[in-house]
Structures are given as structure tokens and as C-alpha cells.
Amino acid sequence: MSLKGTRRPEWLTFDCYGTLIQWDEGLLAAVREILHDRQAADVDAARFVEVYDRHEHALEQTPPHRSFRDVSGQGLRLALEEFGLSGSEGDAAVLTSRISAMPPFPEVVGTLKALKASGYRLCIVSNTDDDIIAGNVAQLGGHIDRVITAQQAGAYKPARRLFDYAHEQLGVSKDDVVHICASPHLDHAAARDIGFRCVWIDRGTGRKLLPDYTPDAILKTLDEVPPLFASVGW
667 MSLKGTRRPE
677 WLTFDCYGTL
687 IQWDEGLLAA
697 VREILHDRQA
707 ADVDAARFVE
717 VYDRHEHALE
727 QTPPHRSFRD
737 VSGQGLRLAL
747 EEFGLSGSEG
757 DAAVLTSRIS
767 AMPPFPEVVG
777 TLKALKASGY
787 RLCIVSNTDD
797 DIIAGNVAQL
807 GGHIDRVITA
817 QQAGAYKPAR
827 RLFDYAHEQL
837 GVSKDDVVHI
847 CASPHLDHAA
857 ARDIGFRCVW
867 IDRGTGRKLL
877 PDYTPDAILK
887 TLDEVPPLFA
897 SVGW
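First residue of the sequence shown? That's 667 in this note's numbering, and the numbers climb one at a time after it.
Okay, here's the thing in C-alpha cells:
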């Protein structure tokens, strides 16, 4: 697949965490803080994150739909229990407050500014709650036009429902958007099933492509997006 020969999009949609915002780094720091409070120096923080992610993603796909604040809190409690540690009511607040404060990658704000200046409209589509992501969006220079969350749609990626809802809210078809993301597991399944164009930002985290889907372009950082678009005549 390639963007060459396709029409210029009206909207660019973005995954937030890992694409615009430093998710892996921020989550690891939050987990280290939680483990430190429990004097759990023998627990590997990176391994704990893997266990937390497994529980979080499973809870997101288990009916009924729950807020990300609830999902993240339950996922954290289950991960702590798996490591033989006790949870507390304040754990979820620690985690979600750290998520809200996670900063953008260094090149992000400048790139968003350049894309806005080129006439694109910018929308975030994210697996989170409105109040949690507000702190992250506030750090993006005022360049984001719309924010659409799992809370609004009542569904989490990789379910296509969140993207269908986003396209309905924006008043566009799949051919009017290009989606830019860093998470193959969460975003590429919807791109495959719906057929919207997709650019993967592969930041070298070790995440792997789906076996049955190849994005339209693969870049290392977000600031490679404007030159890519220029190369296809947009």
C-alpha cells in the first residue's frame, strides 16, 4: 500500500499515547513510583508494565464498557495481585494523574504546527477519558481541532466502533482521513477492517506489525510526516 496517487485528506487523525505523548516512558515512571511505595525493589518495572497492559487491554474488551479510569485502576490492582502485592484506593489516582502529565515527544508540537499551517485539520482518537487526556492536549500547542475518546464512543480500540464514531463526528468518510499511530495492535486492525489510510510511527519500541496488514507508510518520528506528504504531492 502507498499514499501515492490517493487524494489529499481533509483530516489527520492521531493516536495519542505513544504517537504524540511519551506513553512508554511515562507509564514506566509511574509504575516505578507505585512499586517504590511498596518497597518492591525485586519487581522488574518493565515486566510489571507488560502484566498491567495485558490486564488493561482485556478489561477494555470485556462488557460492559467502563471508564478508562476504572479500567486502569482494575488493571493495576490485578497486576499488583499477580506479583503478590496489595493495592490501594489511591493507586488509580496516581496512575491517571501521571498519564495526564505525560509530555509530548520533542518533535510533536512543531510538527503539528506545520501540519496545521499546511491546511490539515487535526483530531486525536484515543482509548481514554476526556478528563485524563485534557492534560496531554493542553501541552500540544493549541493545534488539535478535535479530541474523540473511548469515553465518548463507549468503545475501545481495537474495536472499529471508536473509529466509526470518530468519522461520524467529523462528518467524513474513510477516504477523507489519514490516521497516524504508533500502536499496531490497537489501530491497525481498524485500518484493515475499515480501509482508511494509515501511517505507522515506529519509534523502535519493539511493537510488531499485524501478520495480515501493512500500513501505507512507516516512519520513525512524527516530523517525517510533512516531508512524506510533500513527496506525494499534498
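Where a beta carbon is used, it is the ideal one built from N, C-alpha and C, also for glycine.
- Could you give the residue range of the alpha helix (DSSP H) that holds H809? That residue, H809, is in no alpha helix (DSSP H); it is neither H nor E in DSSP.
- Ends of the alpha helix (DSSP H) at V799? Note that residue 799 is Ile in the sequence shown here, rather than Val. 796-803 is the extent of the alpha helix (DSSP H) around I799.
- Candidates T685, V760, P675, C864, of which the one nearest P769 by Cα: T685
- Task: Take A855 and list the residues in its own chain whose beta-carbon comes closer than 6 Å to its own, dropping the five residues that flank it on each side.
- Result: P824
- Query: From R787 to E726, what does the alpha carbon distance come to, in whole angstroms?
  - Reply: 29 Å
- Message: Using DSSP's beta-bridge definition, name the partner residues of P770.
- Response: I687
- Between which two residues does the beta strand (DSSP E) carrying F714 extend? Segment 711-726 is the alpha helix (DSSP H) holding F714; no beta strand (DSSP E) there.
- Task: Quick one: give me the first and last residue of the beta strand (DSSP E) that F862 is part of.
- Result: Per DSSP, F862 belongs to no beta strand (DSSP E) and is neither H nor E.
- Task: Drop a sphere of 10 angstroms on the beta-carbon of Q705, count the other beta-carbons inside from all chains shown, and report buried for 16 or more, exposed for fewer.
- Result: exposed
- Message: Looking at the secondary structure, which residues open and close the beta strand (DSSP E) in which V838 lies?
- Response: Per DSSP, V838 belongs to no beta strand (DSSP E) and is neither H nor E.
- In or out: I884 buried (at least 16 other Cβ within 10 Å) or exposed? exposed
- Message: Along the chain, where does the alpha helix (DSSP H) containing S897 start, and where does it finish?
- Response: 891-897
- Item | Boundaries of the alpha helix (DSSP H) in which A706 is found, first to last residue | Looking at the DSSP string, A706 is not in any alpha helix (DSSP H), and its letter there is neither H nor E.
- Are R743 and G692 close, meaning C-beta to C-beta below 8 Å? no
- Message: Using only the alpha-carbon positions, how far apart do Q818 and T794 sit?
- Response: 9 Å
- Counting along the chain, where does the beta strand (DSSP E) carrying F680 start and finish? 677-680
- Just reading off the alpha helix (DSSP H) that R787 is part of, what are its end residues? Not the alpha helix (DSSP H): R787 falls in the beta strand (DSSP E), residues 787-792.
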